[in-house]
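Numbering (the UniProt record's numbering), first residue to last: 1 to 135.
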């Protein structure tokens with residue numbers, strides 16, 4: 001049996017859930033695509049149809065940069081279940097080196113970014129705590 005490596009499971013997962021907190025103290029959870037480099041997780045606002053690029057998650061992070069990311073695997077075979085959560089501090093990068101690094105990593109991970117432009121700000125989450133579980 002393979003050893004369970006939370007970082008590998010997170011890195012290889014195609015989608016995560018990003019949890020932020022609204023200014024009113026309510027949880028806000030959205031699915032995101034992401035890329036990982038060491039202990040930093042990157043996600044970006046892309047050109048997929050949205051009503052605005054000024055997304056609630058950005059406002060939430062500006063008010064409270066503490067976030068969590070969760071990836072998980074479910075199957076009817078409960079011996080194969082697992083999840084990985086990263087708690088960290090998020091920053092928003094509308095330009096600069098961090099933004100370009102994230103765009104490069106996201107394009108390398110997702111073929112869709114060859115045709116969907118990355119044109120919005122990047123969220124960089126510095127991992128402070130890793131937790132996980134597996135069957």
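Note that beta-carbon positions come from the ideal geometry of N, C-alpha and C, so glycine has one too.
Taking the alpha-carbon positions, what's the residue i to residue j distance?
i           : j           : result
residue 90  : residue 7   : 18 Å
residue 1   : residue 63  : Low confidence applies here, because residue 1 scores a pLDDT of 44, under 50, leaving its location unreliable; read the following figure in that light. Distance between the alpha carbons of residue 1 and residue 63 is about 44 Å.
residue 72  : residue 95  : 31 Å
residue 24  : residue 100 : 32 Å
residue 131 : residue 116 : 32 Å
Is the CB-CB distance between residue i and residue j below 8 Å?
i           : j           : result
residue 69  : residue 17  : yes
residue 105 : residue 37  : yes
residue 97  : residue 61  : no
residue 126 : residue 40  : yes
residue 47  : residue 102 : no
residue 135 : residue 93  : no
So which of the options has the shortest CA-CA distance to residue i?
i           : options            : result
residue 74  : 133, 125, 33 and 5 : 133
residue 13  : 31, 27, 23 and 26  : 31
residue 108 : 9, 42 and 3        : 42
residue 35  : 27, 58, 113 and 59 : 113
For residue i, report the span of its beta strand (DSSP E) as first-last.
i          : result
residue 31 : 27–32
residue 85 : 82–93
residue 69 : 66–73
residue 17 : 16–21
Grab the span of the alpha helix (DSSP H) containing residue i for me, first residue to last.
i           : result
residue 112 : Residue 112 -> no alpha helix (DSSP H), and no H or E assigned at all.
residue 11  : 6–12
residue 58  : 56–63
State the beta-bridge partners of residue i as determined by DSSP.
i          : result
residue 39 : Answer is none; residue 39 lacks a bridge partner.
Is there a Cβ from chain D that is less than 8 Å from the Cβ of residue i?
i           : result
residue 110 : Given the protein chain composition of this structure (a single chain), no chain D is represented.
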